[in-house]
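Protein sequence lines correspond, in order, to chains F and W.
Residues are numbered in the numbering used here as their position in the first sequence, beginning at 1, plus a constant of 1.
Residues are numbered in the numbering used here as their position in the second sequence, beginning at 1, plus a constant of 1.
Just so it is clear, CB atoms sit at the ideal spot from N, CA and C, and this is done for glycine as well.
Number of protein chains: 2
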Amino acid sequence: MNDMTQAKYKKRAKIFKAMAHPSRLLIIDELSISGERCVCELTDMVRTDTSTVSCDLAQLRDAGLVIDERRGSMVYYRLGVSCILDFFECVEAAMISKTECKPRLLN
Amino acid sequence: MNDMTQAKYKKRAKIFKAMAHPSRLLIIDELSISGERCVCELTDMVRTDTSTVSCDLAQLRDAGLVIDERRGSMVYYRLGVSCILDFFECVEAAMISKTECKPRLLN
DNA sequence: GGCCTATTTGTAAGTTTAGCCAAATCTGCA
DNA sequence: TGCAGATTTGGCTAAACTTACAAATAGGCC
Chain F
2 MNDMTQAKYK KRAKIFKAMA HPSRLLIIDE LSISGERCVC ELTDMVRTDT
52 STVSCDLAQL RDAGLVIDER RGSMVYYRLG VSCILDFFEC VEAAMISKTE
102 CKPRLLN
Chain W
2 MNDMTQAKYK KRAKIFKAMA HPSRLLIIDE LSISGERCVC ELTDMVRTDT
52 STVSCDLAQL RDAGLVIDER RGSMVYYRLG VSCILDFFEC VEAAMISKTE
102 CKPRLLN
C-alpha cells in the first residue's frame, strides 16, 4: 500500500468514522427527512448536551457529509451527500436477507 | 429517541464502525475486485500482522459485511453486501464536486 | 455598549480501539 | 499420533473517541 493509496483510504475512513455513532446517524436521518435543522432542534432530538451535538455536527462537516449555514444567531445544518440513505437501505436489506437465510442453514 | 430506535442506530453504527479503518477499507476494495481472498493473501496486501488482519476480518464479519468460508486449512473471505462500492463512488463523487464548487464561493 | 441567546471550543475523566506478541485451534499429511 | 502451516484468541500498552462541564465567541436587541 503506497502513500497515495494510504491517503485515499484514510480519507474514506474519516467519512465512515464520522457516521459510526448512533447520535450522528440519527442526525443524518433527521436531516434527510426534514431538509435542515438548527443545532438546538437537533439537541432536543438527540437528548444530550448542546456542545456534544455541536461536536458531532463538526465531525460530520469535516467529513463533508453535512453543510452548515448561519442565519442570524442560529446555525442550520443540511445533508451534503444524497446517497447516504440509499446505502442505509441497501445495508439494511442485506442484513434482513442474511437473518432470513440463517434458519435455512440449519436444515 | 426510544429503545427500539436506539437499537436500530447502534446496529447501523456497528456497520460503519467496521468500515471506519483504512486497512478494512482496503480489504473491502480488494474483495470487491478479486471476489475472494484468504487471510494470508490479505495479510501480504495490508502489510501488518496476521492476527491484526484476522481481527479486522472478524469485525467485518460481525457487522455482516463479509462472509467467511473454510476450504482446507485456509479461510476465504468475500463481500456479503454488494452496495458498498456504489456508496464509495457516490461519496467520492460528492467530495470531488464539493472541492470543485469551493472556488465558486470565492467570487 | 451591555445583555441575552445560540453555538463553538478547551479541558479532563472514563471508555473504547489499534497493534503486536504469544499461546491456542484447526486442518492436512506422513 | 505427531508435525507443520493457517488462522484465531487473549493479553497488554498506547492512542483515539465520547461526554459533560466551563469558558469563549458570535448575532440580535435594548
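Hey, F:P23 and W:A64 are a contact pair by Cβ (cut 8 Å); roughly how many whole angstroms apart? Contact annotation, F:P23 with W:A64: C-beta distance approximately 15 Å; criterion of less than 8 Å not satisfied.
Would you please verify whether the beta carbon of W:V82 is less than 8 Å from any beta carbon of chain F? Interface criterion met: the Cβ of W:V82 is under 8 Å from a Cβ in chain F.
Tell me, which residues are paired with F:V76 by DSSP? In DSSP, F:V76 forms a bridge with F:R71.
What does the Cβ neighbour count give for F:R1, buried or exposed, with the cut at 16 atoms within 10 Å? For residue 1 of chain F there is no data in the structure shown, the boundaries of chain F being 2 and 108.
Residues of chain F with CB under 8 Å from W:Q60, in chain order? Those do not exist, as W:Q60 stays about 12 Å from chain F at its closest Cβ, beyond 8 Å.
Going by DSSP in three states, W:C84 sits in which element: helix, strand or coil? For W:C84, the secondary structure class from DSSP, reduced to helix, strand or coil, is coil.
For a test of the three-state rule: what should DSSP assign to W:R48, helix, strand or coil? If DSSP states are grouped into helix, strand and coil, W:R48 belongs with coil.
Do you know offhand how far W:V47's Cα is from W:K12's? W:V47 and W:K12 have their C-alpha atoms some 27 Å from each other.
Quick one: any contact between the segment 75-93 of chain W and the segment 26-45 of chain W, if contact means 3 or more CB pairs under 8 Å? Contact between the segment 75-93 of chain W and the segment 26-45 of chain W is present, with at least three C-beta pairs closer than 8 Å.
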